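Asks: Chains as they are written, first to last, in our numbering: chain A, 1008 to 1307; chain B, 24 to 781.
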Amino acid sequence: MYDIEKYYNAKTVSEAVSLLKEHPDARIISGGSDVLIKIREGRMAGTSLVSIRDVEEIKGITRNEDGDILIGAGTVFSHITADPIIQKYIPVLGEAVDQVGGPQIRNIGTIGGNICNGAVSADSVPTVFSYNSLLHIANEDGGRIAPVREFYLGPGRVDLHPGEVLTHVVIPKKEYAGYHGHYIKYSMRNAMDIATLSCSVVSKIDTAKNILEDVRITFGVAAPVPYRCVETEEKLKGRTLDEGLYQELEESVRGEIHPRDSWRASRDFRLQIGGEIAKRALIRTAELAGEDTCKGGEEA
Amino acid sequence: MIGKSVPRVDAYEKVTGRAKFTEDLLPKKCLVAKVLHATIGNGIVKSIDTSEAEIMEGVVKVVTFHDVPDHCYPTPGHPWSVELAHQDVADRNLLTGRVRYYGDDIAAVVAEDEIIASRALKKIKVEYEEYPVEIHPRKSMYGSKPPIHFDKKDNVLARSNYFIGDVDKGMEEAETVVKGTYKTPIVQHCHIENPISYAYMEKGRIVVVTSTQIPHIVRRVIGQALGIPWGNVRVIKPYIGGGFGNKQDVLYEPLNAFLTTQVGGRPVKLDISREETFCNTRTRHSIEFDLAAGVDKEGKLVAKDMHSYSNQGAYASHGHAIAANGLTSWRLQYACPNIRGEAYTIYTNTPVGGAMRGYGIPQVCFAIECFMDDVAEAIHMDPLEFRRKNLIEGYYEDRYLKPIAANTNGIFECLKKGAEYIHWDEKRKKYAKQTGAVRRGVGMALFSYKTGVWPISLEIAGARLSLNQDGSVQLQLGATEIGQGADTVFSQMVAETLHTDMAHVHIQTVQDTDVSPFDTGAYASRQSFVTGTAVKHCAEILRDKILAYAKTLLPEVDTRELSLRDNWIWAGEEQAISLAALAEESYYSLTNSSVLTAEVSEQVKKNTIATGCCFAEVEVDIKLGKIKILHIINVHDSGKLLNPQLAEMQVHGGMSMGMGYGISEQLILDEKTGRPLNGNLLDYKLMTMLDTPDIKADFVEMDDPMGPYGNKALGEPPAIPSAPAIRNAVLHATGVAFNENPLTPQRLIDGFKKAGLI
């Protein structure tokens, strides 16, 4: 039994927005894989809920005329992984969300919930950051667009105002075309776990010249919010990909991230792992670039 | 029928969901109870105010530690002892105002439903006076003010020791002396079904339906806890979702029994959460071992010394029996003229240690087998060769506890099979000098394990058989099926001895203390051995009764000619009368009707030692602190296998537990309060299928003269040797000796940094 006060089931985004306005104390529930846990643990016991799980307009993945990819916030992880657009243009996102929990969770958990829950361990988020994604948010005033990099306010807190609903995650074409990504989730076991540390590296590589034209490195669980290693990125851009660069990446990342000391893992441990997984992820993106014949969808 | 892989008798019920577990049986309008747990680690409740909770709509009753009986009771699932000196320690009340660990039970609410009960708990106001918390046994053993239990001033629950030969002299004369300290973690059983019970009253008696391994012991302890005649208690055990020893303890059944008496006998459910299961039931004791050994020039052990410190937690439960079992194991299996052993069991402010699969042996095996590798390394000897040189071949017996003995001993054959499977000689050489960031290694460990508890404790089992009208039989036991396949092998035993088939044996799977024969239950790998002895005897009696009855129907046949097989009574080589016809006659004969039944209650004064080993090959990713188990095998000498497929499954499950013990499982406690930090299935890293390699199980089958069908212990042994085998493989791969399990990524990274590998 779950201690839930009232349950309102929205069918459309506008209905959800008005329900949230009518019931300002109500929380949004989508898949429920975070919200129900909090209710069970007593942290959200007695809350009222506005469900958006029947809102069809925010499910599914499309690619518009400009080549931008729109992911409905209500799309579940398993559908993202299986989606042909994701597989063709940004396979790293499908691979990342395929590492969430177990099959049952991946069939109910949504990318919108993953982002709005505000957890730094969210498996979709480092990749969503590395693609400089934009968030489409509905509200009474016609909605707004927010860069994901400005959306996280602190642990478990995001910039979603009362009465607002995240509807889509948008990855503009310029942010993915020509890029390759790789996500490494470091956790204490291989399934049914949350990340101890995670890293998504997205790179653009001139394979003919072996030059790292652009790179974006985002960590989960390395700071109070998902963390882009901007300094490291700037140091590496335009450089030749070689062992020296990888070494520098490893050390630079360790100097830049701010992981916690906790009973789950020490700060020193996370620094060791952080450098290592960032390096391994970049190496993998270079391999992917070398194997790719359509340049990360640039020519599509 | 013995030795055949017949399907489990409960397979279809469990797979289709027809099997009824406790929660499936709840009466309509069952009230719900919830327990209020203390939020300090040590101290007293200064005041408790339940007034707001009591007036809530839907709250039926609130009880606190003020309302329960004053006297203490024991909880472990041991047979009761009629000798005062051997009785279990009685140190618990149903609820307490003297908080001894974080989460101790101080009050309970009975309400119309779960949500009301949870909300009512939050309305209870408690004020505490706090005492300092001590979670480390080696600090706690010097006493605290006040002591955790008033009658143990130094917090030492018990100490035991022995001397064989002269250890000090042996050490002096040894060529090499090696020392080591090893530590094992607190782990939890993580059975899928949390402990659950419901209780109600009927005709002035209390009925408790519960997920337990030990229904007859639960009955006795409820009687003791409530201070009522034991006959006024009836305990029913339906299908259960695992126990692994946690349910070889009396958990919340006495409190639940008490609660129903407080609400006029209405049914009350007490279904604790996973978090409570971690914190408030039982755990495997964490034990620290200081070991030393002296070896001579040939590499033979000449002296061994062990001092162990077991963390009991806040209440005695199974207490010193666990550390003592490990201490006994120190003097078995390896030949050595001079042996010393000492064990302490110490109260601390932590969750309570109790029985868990292996009963102290996984801990001591980790210490001993890591140490044996370390000794071998110190004298530059191959660790397998070192063991072969020091192990006892063939029969041996315990020096003190008669008749515990290795009546059959397949350890050398087990080692041979394990070494062949893992390609020991080849890979020990191949992996000897690696330098990369990813390295491989092979390691092994071995163990010995008693079968049942005789002569440390009583062994008694009951069995009842009756012949149905159609020639089939009903089998009733007090022994419990807890997922291990007991009902299946007991049915096989009856089929074997009555020379019939499985379809003719109907086993009663639910134990009901009003009906079921007396048996102490599922623990100590005892049932197939002890209860099996009773079952065999009972079946023999029934067989003899059937033949005696046949004689009355076949007066012309010589009794010596009569035999029972394939559901027929045979006169010599001829079918004389079918068992079905005989059975029908026995029920309905107008001249000679007498239903044929047999019942035994049997004390079993036997014990025999099972053995086995694990060999593992691992790959270590040094910079990520990750161990990948590439190959792993357990080889067991458990005597004759009753059901090879069930035996293999038993080994698979045990190895999964052993691997978790080796690399991922540990209950982490907050230093300041003793509160479990990871008491849930997300943060407590039980291995998943994706963490589990292909598991190989193999056996050496020797016909043990003590086992009713040549069988020895197999229930617990599979969980024992994997952790040290993996640790020793990591030592081989990296040269780094980890002396504390589990070998988590954090521990590996710290160790590799210290060793200069990172």
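Think of the CB as a built atom: it goes at the ideal place given N, C-alpha and C, for glycine as much as any other residue.
Bear in mind the structure is a predicted one, so any value in this text is a computation, not a measurement.
Counting only the same chain and skipping the five closest in sequence on each side, list residues whose C-beta sits under 7 Å from that of A/ILE1112.
Replies: Counting only Cβ-Cβ distances below 7 Å, and skipping sequence neighbours, we find SER1040.
Asks: How about B/MET79: is its C-beta nearer than 9 Å to some C-beta of chain A?
Replies: B/MET79 does not count as touching chain A.
Asks: When the distance is taken between beta carbons, is B/ALA736 closer than 9 Å to B/ALA633?
Replies: In this structure, B/ALA736 lies closer than 9 Å to B/ALA633 by Cβ.
Asks: On the three-state DSSP scale, how would you describe B/TYR637?
Replies: Residue 637 of chain B is actually Cys in this sequence, not Tyr. Note: B/CYS637 maps to strand in three-state DSSP.
Asks: Taking B/VAL753 as part of the alpha helix (DSSP H), name the residues at either end of that continuous run.
Replies: Element bounds for B/VAL753: 745 to 757.
Asks: Buried or exposed: where does A/PHE1276 fall if 16 or more other Cβ atoms within 10 Å of its Cβ makes it buried?
Replies: Buried.
Asks: Which residues in the same chain as A/ASP1166 place their Cβ atom closer than 8 Å to its Cβ, once the five residues preceding and following it in sequence are excluded?
Replies: Within the same chain, A/ASP1166 has close Cβ partners ALA1153, GLU1157, PHE1158, TYR1159, LEU1160.
Asks: Quick one: grab the DSSP three-state call for A/ALA1307.
Replies: At A/ALA1307, the pLDDT of 45 sits below 50, so the modelled position is not reliable; the number obtained from the coordinates is stated separately. Of the three classes helix, strand and coil, the one that applies to A/ALA1307 here is coil, per DSSP.
Asks: Against chain B, does A/ALA1307 count as a neighbour if the rule is that its beta carbon must be under 9 Å from one of theirs?
Replies: Reliability of the predicted coordinates at A/ALA1307 is poor, the pLDDT of 45 falling under 50, and the value obtained from them is presented with this limitation in mind. No, because no Cβ of chain B sits closer than 9 Å to the Cβ of A/ALA1307.
Asks: From this set, B/ILE67, B/VAL82, B/SER104, B/HIS159, which residue's C-alpha is nearest B/ASP127's C-alpha?
Replies: Comparing Cα-Cα distances from B/ASP127 to each of B/ILE67, B/VAL82, B/SER104, B/HIS159, the minimum goes to B/ILE67.
Asks: If you compare alpha carbons, which of B/GLY555, B/GLU579, B/GLU607 is closest to B/GLY595?
Replies: The residue with the shortest Cα to Cα distance from B/GLY595 is B/GLU579.
Asks: Going by DSSP in three states, B/ASP72 sits in which element: helix, strand or coil?
Replies: Three-state result, B/ASP72: strand.
Asks: What are the residues of the stretch 1171 to 1198 of chain A that lie near chain B, defined by any Cβ-Cβ distance shorter than 8 Å?
Replies: Answer in chain order: TYR1193, MET1195, ARG1196, ASN1197, ALA1198.
Asks: Ignoring anything shorter than 3 residues or poking outside the stretch 1182 to 1261 of chain A, list the beta strand (DSSP E) runs there in chain order.
Replies: Listed in chain order, the complete beta strand (DSSP E) runs (minimum 3 residues) inside the stretch 1182 to 1261 of chain A are 1187 to 1193, 1204 to 1213, 1218 to 1227.
Asks: So the candidates are B/PRO744, B/GLY377, B/VAL91, B/ASP405; which of them puts its Cα closest to the Cα of B/SER471?
Replies: Cα-wise, what sits closest to B/SER471 is B/PRO744.
Asks: Using a C-beta cutoff of 9 Å, does A/GLN1111 count as contacting chain B?
Replies: Output row for A/GLN1111: interface = no.
Asks: Which same chain residues, not among the five before or five after A/ALA1307, have their C-beta less than 6 Å away from its C-beta?
Replies: In this predicted model, A/ALA1307 has a pLDDT of only 45, less than 50, meaning its place in the structure is not dependable; the value taken from the coordinates is given anyway. Cβ neighbours of A/ALA1307 beyond the five flanking positions: none.
Asks: Around the Cβ of A/VAL1237, are there at least 16 other Cβ atoms within 10 angstroms (buried) or fewer (exposed)?
Replies: It counts as exposed.
Asks: Can you tell me whether DSSP reads B/SER548 as helix, strand or coil?
Replies: In this structure, B/SER548 counts as coil in the three-state DSSP scheme.
Asks: Leaving aside the five residues before and after A/MET1051 along the sequence, list all residues of the same chain whose C-beta is less than 8 Å from its C-beta, in chain order.
Replies: The residues are ARG1034, VAL1042, LYS1045.
Asks: What are the partner residues of B/HIS89, as DSSP defines its beta bridges?
Replies: B/HIS89 pairs with nothing; no bridge assigned.
Asks: Any idea if A/GLY1245 is buried or exposed, counting beta-carbon neighbours within 10 angstroms, 16 or more meaning buried?
Replies: Exposed is the call here.
Asks: Between B/LEU576 and B/LEU587, which are expected to be in contact by the criterion C-beta below 8 Å, what is the C-beta distance as a whole number of angstroms?
Replies: In fact, because the Cβ distance is near 13 Å, the residues do not count as touching under 8 Å.
Asks: Does the stretch 396 to 407 of chain B touch the stretch 358 to 365 of chain B, meaning 3 or more C-beta pairs lie closer than 8 Å?
Replies: Touching, no.
Asks: Can you tell me which of the three DSSP states A/GLU1171 falls into?
Replies: A/GLU1171 falls in the coil class under three-state DSSP.
Asks: Can we say the stretch 92 to 104 of chain B touches the stretch 475 to 485 of chain B, given the rule of at least three CB pairs closer than 8 Å?
Replies: Contact between the stretch 92 to 104 of chain B and the stretch 475 to 485 of chain B is present, because at least three Cβ pairs lie under 8 Å.
Asks: Check whether chain A comes within 9 Å of B/GLU137, counting only Cβ atoms and requiring the distance to be less than that.
Replies: Answer yes: the Cβ-Cβ gap between B/GLU137 and chain A drops below 9 Å somewhere.
Asks: Taking just the CA atoms, how far does B/ILE655 sit from B/CYS637?
Replies: Cα-Cα distance, rounded: 7 Å.
Asks: Does the beta carbon of B/ARG142 sit closer than 9 Å to a beta carbon anywhere in chain A?
Replies: Cβ-Cβ to chain A under 9 Å: yes for B/ARG142.
Asks: If you measure between the beta carbons of B/VAL376 and B/SER331, is that distance less than 9 Å?
Replies: Here residue 376 of chain B is Gly; the residue named in the question, Val, does not match the sequence. Cβ atoms of B/GLY376 and B/SER331: not closer than 9 Å.
Asks: Within a Cβ cutoff of 7 Å, which residues of the same chain sit near A/ASN1016, ignoring the five residues on either side of it in sequence?
Replies: For A/ASN1016, where only same-chain residues beyond five positions count, the Cβ hits under 7 Å are SER1058, ASP1061.
Asks: To the nearest angstrom, report how far apart B/LYS651 and B/ILE263 are at their CA atoms.
Replies: Distance between the alpha carbons of B/LYS651 and B/ILE263 is about 33 Å.
Asks: Taking only beta-carbon positions, decide if B/ILE147 is within less than 9 Å of chain A.
Replies: Closer than 9 Å: no.
Asks: Just to check my reading of the structure: B/THR207 and B/ASN764 have Cβ atoms closer than 8 Å, yes? What is that Cβ distance to the nearest angstrom?
Replies: With a Cβ gap of about 6 Å, B/THR207 and B/ASN764 count as contacting.
Asks: Between the Cα of B/ALA460 and those of B/LEU500, B/LYS649, B/TYR572, B/ARG123, spot the shortest distance and give me the residue it belongs to.
Replies: Considering only alpha carbons, the answer is B/LYS649.
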